[in-house]
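Numbering (our numbering), first residue to last: 137 to 582.
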């Protein structure tokens, strides 16, 4: 009798654990991996894939899991009280000398605590842990019994889902269907960081993925070549001088204008000049070789600028402000460099794009370093949080702090940092030297 009772309890716990594992696994399983297994001929994967791809079927699948968990839990509790509870109550009444009410009340409490503990451990925590660690394998393993459950609970699922929709409609809410894995960029960045910390991603791979996620946060002006550094060709100058400037330029593409950036004509590709000369054309003007130049707002995010350049098949684009004035030039090389590091010298902006530590312990930071990257770098040094700013680069933020255009050699302190302006490019800050202030280091050590 006892063996039969324990066997039934074990079966009910296993049923409960199956539904728990199936529910956790179906939510955590990656549809791409299941689709790959389905293409390889895996039968369970072919049955599971439509459920992962259809939000309605996925809702019904999860509803079946929840019904199974509820029924098995109720049956386990009722059966345990009807068998073990009565047996333990009779034992306490006979051998402990308790009154019937006290004996059976105590036995019900003890059986409830014991059954709940066993169910939580073996019916909830253990299957949930397995499903979280092996979601795809667990989902495939539980697919066949869940198919039977879906058929068995079909009418009950319709009744419960319909009742839930009516209640939500009465409350003025709508029933959201689907359990898609949608993550915000910050959440994806956290996942990348956790994968790196867990040893699944190398340092460079992790940094590249994080940079790709930041393309939507960086404005394209943060990566552009500033107007003063654009390699340009003036068509109003003599042709001989134009060829001399082309010969002296290290770039293959030059912006072309007439008398200044207020009259941009397009850009000149040196390949076109070379082909024209090779074909024996008498070049009296470079105007016929000028190609149209894409213009983009400098306020665009980097990912949107990249999309427009890709759609227009443009490798470079002119960046203009809200008044139509030229601010700078962006190239695919600039964007790829942001993702993958240095590739070539073409359109390279002055100075390194990353902080570099000097032998004396100070750091050299480029003025055009994106402000959020500079803040993250400073955060790793344990400095106080920087003041909010509308600036997009480190140089812009520093100018806000001192409220003036500095000169080379100007020193000041801000946000727990001792800063020295190392070099200027006209009125623009080219690079700065930074050291953590002594008081900040002392407070960090304390």
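For every residue, glycine included, the Cβ atom is placed at its ideal position computed from N, Cα and C.
Residue 565 is bridged by DSSP to 560. Nearest to residue 182 by C-alpha distance, out of 270, 264, 145 and 283, is 283. Boundaries cannot be given for residue 434, as no beta strand (DSSP E) includes it and DSSP labels it neither H nor E. By alpha-carbon distance to residue 213, the top candidate from 457, 509, 267 and 254 is 254. Of the candidates 192, 463 and 149, 463 places its Cα closest to the Cα of residue 366. Residue burial is scored here from C-beta neighbours: residue 419 has fewer than 16 other C-beta atoms within 10 angstroms and is therefore classed as exposed.
Residue range 179 to 189 is occupied by the alpha helix (DSSP H) that includes residue 186.
Pairing residue 549 with residue 361, the inter-Cα distance amounts to about 29 Å.
A direct Cα-to-Cα measurement between residue 499 and residue 491 gives close to 6 Å. Here residue 500 is bridged, per DSSP, to 492 and 569. Between residue 161 and the set 250, 357 and 264, the nearest pair of CA atoms involves 264. Around the beta carbon of residue 502, 16 or more other beta carbons sit within 10 angstroms, so the residue counts as buried. Under DSSP, residue 547 forms a beta bridge with 556.
Judged by beta-carbon spacing, residue 257 lies beyond the 8 Å limit of residue 216, meaning their Cβ atoms are not closer than that value. If the five residues before and after residue 292 are omitted, its C-beta is found closer than 7 Å to the C-beta atoms of 203, all from its own chain and listed in chain order.
For residue 368, there is no enclosing alpha helix (DSSP H); the residue is part of the beta strand (DSSP E) that begins and ends at 368 to 370. Using a Cβ distance threshold of 8 Å, residue 471 and residue 438 count as a contacting pair. The three-state reading of DSSP puts residue 307 in coil, since its state is none of H, G, I, E or B. For residue 159, the enclosing alpha helix (DSSP H) starts and ends at 138 to 164. Excluding sequence positions up to five before and after residue 559, its CB lies within less than 7 Å of the CB of 544, 566 and 567, all in the same chain and listed in chain order. Within the DSSP secondary-structure output, residue 403 pairs in a beta bridge with 391 and 427. For residue 541, no alpha helix (DSSP H) encloses it, and the DSSP letter there is neither H nor E. The Cβ-Cβ distance between residue 392 and residue 369 falls below 8 Å. Put simply, the backbone Cα of residue 553 is about 13 Å away from that of residue 533. By the CB criterion at 8 Å, residue 240 and residue 205 fall outside the cutoff. Within the stretch 452 to 478, the complete beta strand (DSSP E) segments of 3 residues or longer fall at 452 to 456 and 462 to 467, listed in chain order.
In this structure residue 467 is buried. Its beta-carbon is surrounded by 16 or more other beta-carbon atoms within 10 angstroms.
Runs of the alpha helix (DSSP H) lying entirely within the stretch 213 to 264, each at least 4 residues long, are 222 to 231 and 236 to 254 in chain order. Rounded to whole angstroms, the gap between the alpha carbons of residue 172 and residue 358 is 40 Å.
According to DSSP, residue 448 shares a beta bridge with no other residue. Excluding sequence positions up to five before and after residue 427, its CB lies within less than 8 Å of the CB of 402, 403, 404, 405 and 408, all in the same chain and listed in chain order. Each of 152, 195, 174 and 175 was checked against the Cα of residue 163, and the nearest Cα belongs to 195.
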